[in-house]
Structure formats: structure tokens, C-alpha cells
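Here's the structure, in C-alpha cells; my notes come after.
In this note's numbering, the protein residues as written are 60 to 284.
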């Protein structure tokens, strides 16, 4: 076969690195030798001897997901082979989590991760009554975390002198050492008159980084995650 479709730009090359790598801007490749985890439904192709199994989160995790809609339905991928993961053609990125790190991320932005990472659902102070949800996913340990984002994310430094305010529908995640609280940027009178549509944000204070996507989730879109 000939043509641009079969050029080296699109052709998958043999894996040279075990574990997680970026295949292209919209897709992550994972060379599996043992076990890894991914969001349910994110696998788009695989080859080799791999098994896919729905992974439960325990009673507490299932309850939080049912109440908030912000849980992270996972599947375990086991065996030897290669798998490709993507989600709605969103841009893909890899975060290296090292011992002592803690990365809090919205469940809708998680694509896949190493089994060596620990994962829990944690309460996000100040976000319970807004679109961002009450619970986010917290990753610790040592390994790689694959994320998806609509567009190219912004990574904004946060310092004690310069706190950052983020729309809760646009936030992707943040590093350890940041404190969150709810910030209301409009008066009640302004809100009753229609306001600007940007009444409440998540305020992040301390020392670290916050990751923001260049779009806001519409109610229909948010309901799909």
C-alpha cells in the first residue's frame, strides 16, 4: 500500500522503551510486562498476550463516585504486549511522579498509569458546590501518569506572593504543598443581575504548580466523564 496514510508519520514503529511513552499527541503507548492501569474504555488497540479486567475501588470509592460523579472507573491490564490508549482525541501528556511527590488531578483527565503508583480519592476543600466536584484523584509513589487534556494545558506557578484563581471546570490538577479554598469573585447583587458568569473559582495558595486546560466543560460534556 502507498500514500500519505502509510508514511512513517503514521506508521507504528517497534517499541524501544518499556512502559509508557507518547505515541503521538493524541495517543499513549504502553509496553506491558506485568500490570498497569487505565481508565475503562480508553484502550484503542493492543497486540500480544494481554488481559483486561475491570478494577473496583472498594465500597468507599464506589460510594463517592455515585454521589459526586467524579470517581475514576479503572481497568487493570495484565500480561506481555503493547496497548494504545486515547480518549476523545484529546492531547496526551506524561507526568513522572517521584518518591515524595503528590499530584492531585481531576479524574476526567486521567488516561493510564503505572501500577507502582498509589491512587486514592480525596476531598477537595472548597470545590464541593461547583462544577469541579467534591472529590479528586491523588497520586503518590514512583512511576508515570498519563493524562489527557482538551488542548494544550497551562502550567501556572503558584507562590505565597502570587496565589492563583482557577475556574473549577478548567482545572486539571496541582502539586503538593498547595491549599485550596472557594473564592467568590462577585457580590450577591451582581450575581442576581446576571453577573459575568465567573462567580466562583478555586483559590490555590502556597508553593507549587497548577495545571489548567484552555477550555471549560459544558454540562453535557462534564456528564459524559
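Beta carbons: idealized from backbone N, C-alpha and C, even for Gly. Note that this is a predicted model, so its numbers are computed, not measured.
- Residue state for residue 94 is assigned as strand, using DSSP reduced to three classes.
- For residue 110, the CB contacts under 8 Å within the same chain, skipping 5 residues up- and downstream, are 136, 137, 138 in chain order.
- Under the three-state reduction of DSSP output, residue 161 falls in the strand class.
- Linking residue 210 to residue 86 through their CA atoms gives a straight-line distance of about 14 Å.
- With respect to the 9 Å criterion, residue 264 and residue 222 are classified as neighbours on the basis of their beta carbons.
- 231 is the residue among 198, 224, 231 whose C-alpha sits nearest the C-alpha of residue 208.
- Residue 113 carries a strand assignment under DSSP once its states are collapsed to helix, strand and coil.
- For the pair residue 145 and residue 104, the Cα-to-Cα distance works out to about 10 Å.
- By alpha-carbon distance to residue 271, the top candidate from 214, 236, 234, 237 is 214.
- Take the alpha-carbon of residue 228 and the one of residue 61: they are about 44 Å apart.
- At a Cβ-Cβ threshold of 9 Å, residue 131 and residue 166 count as neighbours.
- The secondary-structure analysis by DSSP pairs residue 203 across a beta bridge with 155.
- For residue 169, the uninterrupted beta strand (DSSP E) run begins and ends at 169-173, by DSSP.
- Short of 7 Å from the beta carbon of residue 267, and not among the five residues preceding or following it, lie these beta carbons of its own chain, in chain order: 217, 233, 234, 235, 236, 237.
- Just so you know, the alpha carbons of residue 142 and residue 95 end up roughly 10 Å apart.
- With respect to the C-alpha of residue 172, the residue from 65, 226, 154 having the closest C-alpha is 154.
- Bridge partners of residue 268 according to DSSP: 216.
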